[in-house]
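Data first, discussion second: the structure below is written as structure tokens.
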Amino acid sequence: MDALVEIENLKAYYRAFLYGVDREVRAVDDISLTIGRGEIYGVAGESSSGKTTLIKTIAGAIRPPLRVVSGKVTFHFAGGTQDIYAMKPEQRMALRWLHLSYIMQGSMNVLNPVRRIRHSFTDFALRHMKLGRDQFFEKVATHLQRLKLDPHLLDAYPHELSGGMRQRMTIALATILTPEFIIADEPTTALDVIVQRDVLSMIREIQHEMGSSFLFVTHDMGVHATVSDRIGIIYAGRLVEEAPTRKLFDMPLHPYTQHLVASLPRIGDVQTRPSLEGRPPSLATPPEGCRFHPRCPKRMDICMQKVPPLITVEPGRRVACFAVTGDQV
Ligand SMILES: Nc1ncnc2c1ncn2[C@@H]1O[C@H](COP(=O)(O)OP(=O)(O)O)[C@@H](O)[C@H]1O
Ligand code: SF4
Ligand SMILES: [Mg+2]
Numbered sequence: 022m023d024a025l026v027e028i029e030n031l032k033a034y035y036r037a038f039l040y041g042v043d044r045e046v047r048a049v050d051d052i053s054l055t056i057g058r059g060e061i062y063g064v065a066g067e068s069s070s071g072k073t074t075l076i077k078t079i080a081g082a083i084r085p086p087l088r089v090v091s092g093k094v095t096f097h098f099a100g101g102t103q104d105i106y107a108m109k110p111e112q113r114m115a116l117r118w119l120h121l122s123y124i125m126q127g128s129m130n131v132l133n134p135v136r137r138i139r140h141s142f143t144d145f146a147l148r149h150m151k152l153g154r155d156q157f158f159e160k161v162a163t164h165l166q167r168l169k170l171d172p173h174l175l176d177a178y179p180h181e182l183s184g185g186m187r188q189r190m191t192i193a194l195a196t197i198l199t200p201e202f203i204i205a206d207e208p209t210t211a212l213d214v215i216v217q218r219d220v221l222s223m224i225r226e227i228q229h230e231m232g233s234s235f236l237f238v239t240h241d242m243g244v245h246a247t248v249s250d251r252i253g254i255i256y257a258g259r260l261v262e263e264a265p266t267r268k269l270f271d272m273p274l275h276p277y278t279q280h281l282v283a284s285l286p287r288i289g290d291v292q293t294r295p296s297l298e299g300r301p302p303s304l305a306t307p308p309e310g311c312r313f314h315p316r317c318p319k320r321m322d323i324c325m326q327k328v329p330p331l332i333t334v335e336p337g338r339r340v341a342c343f344a345v346t347g348d349q350v
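When you number the sequence shown by the numbering used here, it's gap-free, plus one each residue, and the end is 350.
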């Protein structure tokens with residue numbers, strides 16, 4: 022695989038006062054993964070598992086109480102190599118928009134609500150394009166058309182657009198500079214299913230036409246099935262399984278992934294899907310050993326004592342579970 026982004030042993034913790042005690046919330050706890058050029062890498066996992074923290078850390082968008090405890094994030098943009106935590110903050114900022122674009126959760130707010138959409142494009146992109154205004158707007162119009170958006174919408178105010186249209190405009194804004202790497206955090210979560218489909222096909226098209234890589238985060242496995250090439254499953258701040266999408270759905274190996282796949286609604290389903298006992302653990306006081314053990318139907322003694330390492334079980338496929346890899350690791 023031609024790597025665009027390499028994440029090695031990344032740990033990012035929040036400092037928090039909980040019940041009067043100074044604690045560390047271990048939201049990203051030793052995650053390593055690689056994103057290939059031109060692929061859509063999906064990150065899945067239930068709410069509070071650390072997905073947003075992971076991508077903030079990858080994007081270099083961290084501020085207290087969050088801090089990077091250890092690990093490395095390397096980009097290979099424009100034929101070079103950039104170690105983002107070895108860079109000065111200004112250099113890191115310079116990567117934003119040009120090479121890396123980050124569509125944040127609830128990011129429809131990036132469109133300035135009191136100004137016509139056209140101004141959001143000028144504010145974010147004009148200075149990077151080194152073009153005169155007319156040429157710039159020609160380029161914007163071509164980009165919008167390519168994404169099947171009417172350029173006349175530039176004269177609208179954000180509130181005049183439907184939620185789905187606003188989200189598509191946000192994605193058009195985030196991709197106007199053809200960044201190599203686009204991070205999207207739950208970009209379809211607030212949308213209804215039909216509009217979701219439009220936004221997902223737009224993301225697919227961008228990936229296809231511009232060759233950008235995506236890091237696509239959503240808790241919704243149905244969305245991952247549609248859009249992601251590969252999926253990493255996060256549980257309580259750790260990567261527990263990673264596989265190409267098809268394989269992950271056909272034969273999930275980790276008991277938590279098995280639960281996520283089994284709980285997907287299917288057409289014609291009349292029964293409710295099985296639910297998992299218990300709740301995800303607090304990341305300030307996670308369980309010893311495998312963090313999933315209090316909820317795991319396959320739990321063994323070792324699971325309470327040792328952390329299962331993430332093992333490559335076949336090319337392109339990793340899993341952290343003693344029931345799969347055996348306990349001799
Ligand atoms: N500012 C903060 N201070 C302390 N803990 C936080 C803060 N923001 C998030 N967390 C905690 O970090 C964990 C991971 O959160 P998050 O990354 O938002 O998960 P997800 O995106 O998967 O829902 C959660 O336990 C959350 O409560
Ligand atoms: S390591 Fe043990 S507790 Fe963890 S998922 Fe595997 S079987 Fe379950
Ligand atoms: Mg989140």
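No residue lacks a Cβ here, since even glycine has one placed at the ideal position from N, Cα and C.
Contacts around residue i, its chain only, beta-carbon distance under 8 angstroms, and the 5 residues preceding and following it disregarded
i       : result
Ser-233 : Gly-59, Thr-196, Thr-199, Pro-200, Glu-201, Phe-202, Ile-203 and Ile-227
Own chain residues within Cβ distance below 6 angstroms of residue i, not counting five before or after
i       : result
Ala-344 : Lys-319
Gly-253 : Leu-54, Val-64, Leu-260 and Glu-263
Pro-273 : Gln-279 and Val-282
Gln-112 : none
Cα-Cα separation between residue i and residue j, rounded to whole angstroms
i       : j       : result
Leu-221 : Gly-185 : 11 angstroms
Met-190 : Asp-50  : 34 angstroms
Thr-346 : Met-150 : 51 angstroms
Thr-209 : Gln-217 : 6 angstroms
Cys-311 : His-275 : 12 angstroms
Thr-333 : Glu-29  : 15 angstroms
Arg-139 : Asp-176 : 6 angstroms
Cys-324 : Leu-331 : 14 angstroms
Pro-265 : Ala-341 : 16 angstroms
Lys-93  : His-173 : 43 angstroms
Pro-134 : Phe-157 : 22 angstroms
Tyr-40  : Ala-33  : 22 angstroms
Arg-136 : Tyr-178 : 6 angstroms
Thr-306 : Ser-141 : 43 angstroms
Met-231 : Tyr-35  : 36 angstroms
Ile-255 : Ser-70  : 6 angstroms
Ile-52  : Arg-148 : 36 angstroms
Phe-98  : Arg-225 : 21 angstroms
Lys-37  : Pro-286 : The residue you asked about is not Lys; residue 37 is Ala in the sequence shown. Cα to Cα, the separation comes out at about 37 angstroms.
His-301 : Ser-284 : The residue asked about is misnamed: residue 301 is Pro in this sequence, not His. Whole-angstrom Cα-Cα distance: 16 angstroms.
Asp-322 : Glu-298 : 19 angstroms
Gly-337 : Arg-47  : 27 angstroms
Phe-237 : Ile-79  : 12 angstroms
Leu-121 : Arg-44  : 32 angstroms
Gly-100 : Arg-316 : 45 angstroms
Leu-116 : Ser-183 : 31 angstroms
Leu-119 : Leu-304 : 34 angstroms
Neighbour-count burial assignment, residue i, 16 or more Cβ in a 10 Å radius
i       : result
Asp-20  : The question about residue 20 has no answer here: the residues shown for the chain are numbered 22 through 350.
Lys-72  : buried
Met-114 : exposed
His-180 : exposed
Met-125 : buried
Arg-339 : buried
Leu-75  : buried
Ile-215 : exposed
His-229 : exposed
Lys-77  : buried
Whole-Å CB distance - residue i paired with residue j, under 8 angstroms assumed
i       : j       : result
Ile-83  : Val-90  : About 11 angstroms separates the two Cβ atoms, so there is no contact after all.
Leu-168 : Ala-146 : About 15 angstroms separates the two Cβ atoms, so there is no contact after all.
Gly-81  : Ile-105 : 5 angstroms
Met-223 : Leu-281 : Actually they do not touch by this definition, with Cβ atoms about 25 angstroms apart.
Val-26  : Phe-96  : 6 angstroms
Own chain, CB closer than 7 angstroms to residue i, minus 5 neighbours either side, in chain order
i       : result
Thr-102 : Thr-95
Phe-270 : Ala-246 and Val-282
Gln-188 : Met-129, Pro-208, Leu-212 and Val-220
Val-362 : The question about residue 362 has no answer here: the residues shown for the chain are numbered 22 through 350.
His-164 : Ala-193 and Ile-197
Checklist line | ligand 2 site residues, beta-carbon cut 5 angstroms against heavy atoms | finding: Pro-276, Cys-311, Phe-313, His-314, Cys-317, Lys-319, Arg-320, Cys-324, Pro-329, Cys-342, Phe-343 and Ala-344
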